[in-house]
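Report on the structure given below.
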Ligand code: P1T
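Following this line, the structure appears as structure tokens:
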């Protein structure tokens, strides 16, 4: 089936009892059992919920995976990934990742005996050089938040296979519409469903997708045992949203490219970062491993005061954390999404105070460009 056919139908069949076309929201914490030890496969809401199962099947299908395991947030999905490791284990991680990912790994899990090497994974040999006897996992974000650096997923997957490491890719920025890490050889794709998959800035959620039976078994165990599950209503909202993922992503991309091209010529701009621009240092890799370039544009303005002017004066864009909604958002990564990352660490990969991140929505692009233009003067 094509992407949109799967997006609209996978994991969903009309309700057995009423024929309801929209998957019901099973708002229940528990299930009646027929007799002691005999039930319909549903025992307790944390363990089983049909709305959640529909969402998991839906997104797994879009990600070309066998299993989806949904969580209450992107970070709780990441926490389940770290549940594959034990004290003393080591992971190699992209040096630029979402600030909350850095915080979870470096400021929380390190205290439980896990160790991390933060390397520039855009250069694949850096990963090989960082492997040691206790390395268990390579965790990459591609494109990264907010520098939009790419890592060659196929090349990294091969290194992981050769060295018996788990390869995890955060695919939040691209979504399965533009990139399929599992098809490129990764073991696990992770998403903050808060972003494009849900797409309307009205829920927080996360999901893991894998083809590996053993990884699935462990993730399913952690989902139930730790208990960071999404509510049935949030699952339903996300399931409703994936139906329009293809049309939304096409529009996000069309608008983002126009905004990137407009800003690239702007005298107040030092640098525009967008994987769909030929000026992006990894444009060729973007064309190879992605089928599109997404809706995120990062811009280095000529100085912090210009960046601040844009952030404070936009009217159609909203100054806010998060991304991937139909509504355009703008944010200052250094003081907002990446505030947990020490200044010297983030400046190593170019995240200065002059960088503004645009999550380009699907409004009329002329209005978005006019909004940035008026904010700059
Ligand atoms: O916010 P949450 O659903 O827990 O997802 C965390 C997360 C994971 N991975 C990536 C690439 C992300 O961008 C995020 C969350 N990011 C933001 C809130 C943000 O504004 O960048």
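Residue numbers (my numbering): 500 to 876. We treat Cβ as the ideally placed atom computed from N, Cα and C, and that holds for glycine.
Asked                                                                                                                                                                               : Found
Please classify residue 780 as buried or exposed, where buried requires at least 16 other C-beta atoms within 10 Å of its C-beta.                                                   : exposed
Closer than 7 Å: is that where the CB of residue 820 sits relative to any heavy atom of ligand 1?                                                                                   : yes
Is the region 753-761 touching the region 565-584, taking contact as three or more C-beta pairs under 8 Å?                                                                          : no
Quick one: grab the DSSP three-state call for residue 765.                                                                                                                          : coil
Residue 598 by DSSP, collapsed to three states: which one?                                                                                                                          : helix
Could you pull the start and end residues of the alpha helix (DSSP H) that residue 505 belongs to?                                                                                  : 502-508
For residue 504, which of 583, 834, 564, 745 has the nearest alpha-carbon?                                                                                                          : 745
Leaving aside the five residues before and after residue 676 along the sequence, list all residues of the same chain whose C-beta is less than 6 Å from its C-beta, in chain order. : 744, 745, 748
Are the CB atoms of residue 854 and residue 687 within a distance shorter than 8 Å?                                                                                                 : no
Note down, in chain order, each residue of its chain lying with its Cβ closer than 6 Å to the Cβ of residue 874, except the 5 sequence neighbours on either side.                   : 809, 812, 813
Please determine whether the Cβ atom of residue 734 lies at a distance below 7 Å from any heavy atom of ligand 1.                                                                   : no
Please indicate yes or no: does the CB of residue 672 lie closer than 7 Å to some heavy atom of ligand 1?                                                                           : yes
According to DSSP, which residues form a beta bridge with residue 735?                                                                                                              : Paired residues: none, contrary to the question.
Which parts of the region 504-569 are runs of the alpha helix (DSSP H), unbroken and 4 residues or longer, counting only runs that do not cross its ends?                           : 549-561
How many angstroms separate the CA atom of residue 537 from the CA atom of residue 516?                                                                                             : 21 Å
Could you pull out every unbroken alpha helix (DSSP H) segment of at least 4 residues lying fully inside the region 796-826, listed in chain order?                                 : 803-812
Grouping DSSP H, G and I as helix and E and B as strand, with all else coil, what is residue 870?                                                                                   : helix
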